[in-house]
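All letters in the sequence shown, in the order written, are residues 8 to 231 by our numbering. Notes for the one structure printed next.
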Amino acid sequence: QHRRTLSYLINVKYFENIEEKTMSDEAWNELIEEIILGNNDLSDYFIELLVDKDDIVAVRYWIAWLNRPEYTLPPWVQRYIRSKPNNRSTTVAVDKSPKQTASIEYYKIPFEEIQIVFVDSMPGYERLLDRLFNGNNSQEELILGFDCEWKPIFNNTSTSKQRLSIVQIAFPNEIFLLDVLHFFHTCDTENIQKRLANRLFDDDHVTILCKFKLFLKIEFSKEK
């Protein structure tokens with residue numbers, strides 16, 4: 008299972024276009040660390056996957072992070088490392104030069120637990136629709152934050168497809184997490200989901216703050 012997960016993550020890193028990127032480099036690194044830390048067999052397998060992608064900088068980075076001396080690696084991996092210059096990689100950026108890190112200011116949103124609603128039943132869904140349509144005033148301008156999470160399918164190929172799992176819809180004072188994977192498959196989607204999709208994507212009074220609105224509209228429509 009862990010090997011399949013590593014193979015899938017390699018496909019995510021090396022085969023996704025920038026426009027279709029579904030995972031940040033930081034999140035990708037964290038997942039890899041959790042999987043391979045303390046397991047030499049998985050570490051070897053992961054390094055071999057990187058060698059297969061001919062990413063020497065990534066190989067050097069991860070053997071250093073794992074504290075794996077070169078002589079502990081498989082002989083063919085050792086030969087690969089010795090045959091390659093330390094070229095730049097598009098997947099791992101390593102900068103060991105000392106420098107000062109500027110502090111970063113983030114917006115802090117004082118959400119309370121009651122203002123985060125997980126929608127997995129009709130009452131929660133009706134609450135979401137009520138907010139979206141502002142009671143009976145659907146002509147009021149509405150600005151929403153919008154994001155999605157996908158459930159990966161581990162079929163071990165570069166054409167792995169992900170299913171829409173969670174839709175996050177954020178109002179200024181309330182966040183709804185919509186369980187697309189389960190809830191929409193337990194109700195009448197023709198009547199239940201169509202109204203939501205039309206309001207989100209086909210209403211001029213609604214502005215969605217999302218980088219990939221068209222892509223999400225297509226993905227969202229697949230769940231109907």
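Positions of the beta carbon are idealized from the N, C-alpha and C atoms, including for glycine. Being a predicted model, the structure only gives us computed values, none of them experimental.
Unbroken alpha helix (DSSP H) run spanning residue i, endpoints
{"i": "E41", "result": "D32 to I43"}
{"i": "E133", "result": "M129 to L139"}
{"i": "N18", "result": "H9 to F22"}
{"i": "N46", "result": "Where N46 is concerned, there is no enclosing alpha helix (DSSP H), given that its DSSP letter is neither H nor E."}
DSSP bridge partner residues for residue i (one or two, in chain order)
{"i": "W157", "result": "L171"}
Short CB-CB distance (under 8 Å) between residue i and chain D
{"i": "Y21", "result": "Protein chains in the displayed structure number just one, and chain D is not present."}
Range of the contiguous beta strand (DSSP E) that encloses residue i
{"i": "F183", "result": "E181 to D186"}
{"i": "F125", "result": "I123 to V126"}
Neighbour-count burial assignment, residue i, 16 or more Cβ in a 10 Å radius
{"i": "F191", "result": "buried"}
{"i": "F22", "result": "exposed"}
{"i": "D59", "result": "exposed"}
{"i": "S14", "result": "buried"}
Coil, strand or helix - residue i by DSSP
{"i": "L151", "result": "strand"}
{"i": "F208", "result": "helix"}
{"i": "F178", "result": "strand"}
{"i": "T79", "result": "helix"}
{"i": "T214", "result": "strand"}
{"i": "K91", "result": "coil"}
{"i": "K201", "result": "helix"}
{"i": "F53", "result": "helix"}
{"i": "D59", "result": "helix"}
Cβ separation of residue i and residue j, assumed to be a contact under 8 Å, to the nearest whole Å
{"i": "I173", "j": "L184", "result": "6 Å"}
{"i": "Q122", "j": "E181", "result": "5 Å"}
{"i": "A65", "j": "L57", "result": "5 Å"}
{"i": "F125", "j": "R206", "result": "Incorrect: roughly 20 Å between the Cβ atoms, too far for contact."}
{"i": "L16", "j": "I43", "result": "With a Cβ gap of about 10 Å, L16 and I43 do not count as contacting."}
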